[in-house]
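**Student:** Under UniProt numbering, the first residue of the sequence shown is numbered 1, with each subsequent residue one higher.
The structure that follows is given in the form of structure tokens.
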Amino acid sequence: MTDDWVSLFSGGKDSSWALYRALAAGHDVTRLLTVHPSEDSYMYHVPETQLATLAAESIGVDLIEIDPGDLDASEATDSAAQGDAELEPLEAALTALADEIDLAGVTAGAIESEFQTTRIQGMCDRLGIDLFAPLWQRDPEALAAEMLDAGFEITILQVAAYGLDESWLGRTLDADAIDDLRELNTEYGVHLLGEGGEFETFVTNGPHMDQQIELEYDTEWNGDSGRVRITDARLAASDTTTDE
């Protein structure tokens, strides 16, 4: 048996970058694992996680999905308790998977969130597996440049921060967008990569994908926040050359 890795995966830029770096480091990622959380999740990327199915098909790695019905944080009394409750079905899924494969570790895309990372690290310690977190405490400027230089094509799905208006919904996170975010960081404190929940993303193409993903969507705006609602998504021929 080989040492199998599981990539915690939403399809967003951070989990996708963690997966990409794990593959580049030689980790044998044999499963992607997506949690479909409630709208008020403290632990997980929320919007349009159903797109992970298409992303997994393009990447060519099997996907495990945890249904929202498996998550019950209704009795949580505070954010810490909710985070612990949200982790339980993830840990249960990995525990079951460890009976099937030689589970060596998981990847995670956290950059600065102690809330997420300490819980995932604790889970890994209990399971006796490693955590690969290549974004952890990295400089956001450097990470953004690395993602774009690698050929990641990133679409913004949700925004919730001062300075981010409806025009950001569906916008490509490219060099021009990073320049604008840099100004918003100075003016409003918006995190360059949305680590504080200011915005959420989806990777439609990259060097780890065989086909790009084309999206059609509507937008919803609620005065100071908004999101994309996907109406159609499909795989198309990719212009990106796979280097894995």
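For every residue, glycine included, the Cβ atom is placed at its ideal position computed from N, Cα and C.
So, is V106 buried or exposed, given that buried needs 16 or more other C-beta atoms within 10 angstroms?
**Tutor:** V106 should be labelled buried.
**Student:** Do three or more CB pairs link the stretch 149 to 167 to the stretch 126 to 135 at distances below 8 Å?
**Tutor:** no
**Student:** Using 8 Å as the cut-off, can you tell me whether the stretch 50 to 68 makes contact with the stretch 27 to 35, which would need three or more C-beta pairs spanning the two stretches below that distance?
**Tutor:** yes
**Student:** Please classify Q50: is it buried, with 16 or more other beta-carbons within 10 angstroms of its beta-carbon, or exposed?
**Tutor:** exposed
**Student:** Count the other CB atoms, across all protein chains shown, that sit within 10 Å of the CB of T95; report buried if there are 16 or more and exposed otherwise.
**Tutor:** exposed
**Student:** Okay, do the stretch 212 to 227 and the stretch 188 to 195 touch, 3+ Cβ pairs below 8 Å being the bar?
**Tutor:** no
**Student:** Quick check on this structure: which residue in H208, R171, W5 has the alpha carbon closest to the alpha carbon of H27?
**Tutor:** W5
**Student:** Taking Cβ to Cβ, would you say S58 is nearer than 8 Å to D210?
**Tutor:** yes
**Student:** Spell out a yes or no on whether the stretch 114 to 124 and the stretch 167 to 177 are touching, meaning 3 or more CB-CB pairs, one atom from each, closer than 8 Å.
**Tutor:** Taking 8 Å as the limit for Cβ pairs, the verdict is that the stretch 167 to 177 does not touch the stretch 114 to 124.
**Student:** Taking the CB atoms as reference points, tell me whether L135 and W17 lie closer together than 8 Å.
**Tutor:** yes
**Student:** Assuming V228 contacts E153 under a Cβ cut-off of 8 Å, what Cβ separation, rounded to an integer in Å, is found between them?
**Tutor:** Contact between V228 and E153 fails: their C-beta atoms lie close to 15 Å from each other, not under 8 Å.
**Student:** Express the C-alpha separation of T53 and A236 in angstroms, rounding to a whole number.
**Tutor:** 14 Å
**Student:** Do you know offhand how far A92's Cα is from E187's?
**Tutor:** Looking at the two C-alpha atoms, the distance is approximately 43 Å.
**Student:** Could you check which residue in G226, D3, H208 has the C-alpha nearest to that of L103?
**Tutor:** D3
**Student:** Under 7 Å Cβ to Cβ from A144, same chain only, skipping five residues before and after it: list those, please.
**Tutor:** I178, L192, L193
**Student:** Below 8 Å on the Cβ atoms is my contact criterion, and I expect G206 with A150 to pass it. Report the Cβ-Cβ distance as a whole number of Å.
**Tutor:** 7 Å
**Student:** Quick check on the DSSP output: what are the complete beta strand (DSSP E) runs of length 3 or more inside the stretch 71 to 140, in order along the chain?
**Tutor:** 103 to 107, 130 to 132
**Student:** By alpha-carbon positions, which one of L164, K13, G226 ends up nearest to P140?
**Tutor:** K13
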